[in-house]
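Add 24 to the 1-based position in the sequence shown for this note's numbering, that's all there is to it. We treat Cβ as the ideally placed atom computed from N, Cα and C, and that holds for glycine.
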Amino acid sequence: MEKHWTELLDKGDTTALLKIWSPNYVVNNPNGKIVTPKDIIGIMKSGHKFPAVERIIENITFNDNIAVVMGKELQQPPNMTVDQKEWIPRRFTNIWISTKKGWQLAARQSSALVVE
């Protein structure tokens, strides 16, 4: 599911994303802004293309019908270089809920790492 929703985001498939995102999906993005599906779909429809992301899952914890996925990710920088040595390191947490519709992404938090 983690790879699948990222692929849908890359393709700009808003119809499929709305099926995977829970109705109350919320994101605390790396810019420190809290956004909803309405916000995300709006910027996608305005022509915004999200940069590529390489996600490395480090831990998945299941609690009843909830899965918590944590790890690191590398985001392609604005210059769109394919050299991953130049990509922006971040930490992420994704919260999935098992529903009658299947697993749905309920919340996401992503923060850029300060590399010293």
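Assigned exposure category for residue i - 16 Cβ within 10 Å defines buried
i, result
"residue 116", "buried"
"residue 84", "exposed"
"residue 138", "exposed"
"residue 44", "buried"
CB contact flag (residue i, residue j, <8 angstroms)
i, j, result
"residue 74", "residue 34", "yes"
"residue 122", "residue 54", "no"
"residue 93", "residue 31", "no"
"residue 38", "residue 68", "yes"
C-alpha distance - residue i paired with residue j, whole-angstrom precision
i, j, result
"residue 131", "residue 119", "5 angstroms"
"residue 90", "residue 129", "10 angstroms"
"residue 109", "residue 36", "26 angstroms"
"residue 81", "residue 70", "31 angstroms"
"residue 56", "residue 107", "26 angstroms"
"residue 42", "residue 72", "17 angstroms"
"residue 114", "residue 52", "13 angstroms"
"residue 65", "residue 88", "30 angstroms"
"residue 103", "residue 47", "34 angstroms"
"residue 28", "residue 79", "12 angstroms"
Going residue by residue through the stretch 31-60, where are the continuous alpha helix (DSSP H) segments of at least 4 residues, counting only ones entirely within it?
For secondary structure counted as the alpha helix (DSSP H) over 4 or more consecutive residues, the stretch 31-60 holds these complete runs in sequence order: 38-44.
Is the stretch 55-62 close to the stretch 94-102, with three or more CB pairs under 8 angstroms?
Per the Cβ contact rule, the stretch 55-62 is not in contact with the stretch 94-102 (fewer than 3 Cβ pairs under 8 angstroms).
Ranges of the beta strand (DSSP E) found wholly within the stretch 80-140, counting only runs of at least 3:
Runs found: 90-99, 112-123, 126-136.
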